[in-house]
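For the sequence shown, the positions run 0 to 215 when numbering that gives the first Met the number 0 is used. To keep things clear, I will list the structure first and then write my remarks on it.
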Amino acid sequence: MTSRIAVLVSGRGSNLQAILDAIANHTLDAEIVGVFSNKHDAPALQRVPPALRWSAEGKSFPDRLAFDEALGNAVAAVRPDWVVCAGYMRILSDSFIDRFRGCLLNIHPSLLPKYRGLRTHARALAAGDAQHGASVHFLVPELDAGTVIAQTSIEVQPQDSPDSLAQRLLPLEHSLLVASLQLVCAGRVSEQGDMAILDGQPLLKPLHLDSTGRFS
Ligand code: GRF
0 MTSRIAVLVS GRGSNLQAIL DAIANHTLDA EIVGVFSNKH DAPALQRVPP
50 ALRWSAEGKS FPDRLAFDEA LGNAVAAVRP DWVVCAGYMR ILSDSFIDRF
100 RGCLLNIHPS LLPKYRGLRT HARALAAGDA QHGASVHFLV PELDAGTVIA
150 QTSIEVQPQD SPDSLAQRLL PLEHSLLVAS LQLVCAGRVS EQGDMAILDG
200 QPLLKPLHLD STGRFS
């Protein structure tokens, strides 16, 4: 059955575009039922028709809980099977996460558990890491701490800057997000407690997307 996906965005929306492209070329059996942003001017919103857009600015709400209540109501109204944070740069409250727990996914540009939070590329370089990457994980109240479903990695080159790392990683992030959504939308992956289940078995370590775009 075609999955209903809501996407939360704050910026340019290249990950959203990867999902839209995968749906358009029939590699992902899903439908985008809403795109939600904490920025009225997020370029990502322009990637979908006006009827699918919702945005609100944090400063027009008394606090984070009130904002997330409005966001959560708008998301719930489109009855999503999956809620995907794709470059959503505002911390979600515990109440929002509890409301959608189990169907809430995030793409994060690091090899979690390394580098939760921001500036992941600069931190990987500063640490002298040989490998860097991205992770798709379930959301839990602790920031970037939920069970990781899948990862992809690249080798760090001696001449890399944070920008060059981000640029090389981005297309792989897109493949990783789409491949992960293929699994969850097919009903093959779910969250049970603080564990991910793949094909009925506990996923003991994240899947790894190789350079051919397949999981190993
Ligand atoms: C991506 O690198 C994502 O991993 C991070 O923010 C960036 C968003 O890019 N959380 P885009 O808005 O999808 O182009």
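The beta-carbon is built from N, C-alpha and C at its ideal position, and this holds for glycine as well. Because the structure is a prediction, the values reported are computed rather than measured.
Does residue i come within less than 9 angstroms of chain B when only Cβ atoms are used?
i	result
Val188	Of the protein chains in this structure there is only one, and it is not chain B.
Among the options, which one has its Cα closest to the Cα of residue i?
i	options	result
Glu141	Ser36, Asp193, Lys38 and Leu176	Asp193
Pro48	Phe60, Lys58, Lys204 and Val32	Val32
Glu172	Arg46, Asn105, Trp81 and Gly57	Asn105
Ala129	Gly101, Leu117, Gln158 and Arg115	Gln158
Tyr87	Leu176, Ser36, Asp143 and Gly145	Ser36
Leu206	Arg89, Arg3 and Leu175	Leu175
Ala126	Tyr114, Ala23, Val135 and Thr211	Tyr114
Gln200	Lys38, Gly116, Ala76 and Gly186	Gly186
Ala23	Val177, Val147, Val74 and Leu103	Val177
Is the Cβ-Cβ distance between residue i and residue j less than 9 angstroms?
i	j	result
Ala55	Gly12	no
Ser179	Leu124	no
Arg46	Leu19	yes
His120	Ser152	no
Arg100	Glu190	yes
Gln150	Leu110	yes
Arg3	Ala29	yes
So, for residue i: in the same chain, excluding its five sequence neighbours on each side, which residues have a beta-carbon less than 7 angstroms away from its beta-carbon?
i	result
Arg63	Ser92
Arg167	Ile153
Gly219	Outside the displayed range of the chain (0 to 215) lies residue 219, so it cannot be described from this structure.
Who does residue i pair with in a DSSP beta bridge?
i	result
Arg52	Val34
Asn105	Cys84 and His136
Phe214	Leu208
Ser189	Ile196
Pro201	Ile196
Just mark residue i as buried or exposed, buried being the case when its beta carbon has 16 or more other beta carbons within 10 Å.
i	result
Ser9	buried
Once the 5 residues before and after residue i are set aside, which same chain residues still bring their CB inside 6 angstroms of it?
i	result
Val6	Leu15, Val34, Val83 and Ala85
Phe95	Asp67 and Gly71
Excluding the 5 residues preceding and the 5 following residue i in the sequence, name in chain order all residues of the same chain whose CB lies nearer than 8 angstroms to its CB.
i	result
Gly57	Asn37, Arg63, Phe66 and Arg89
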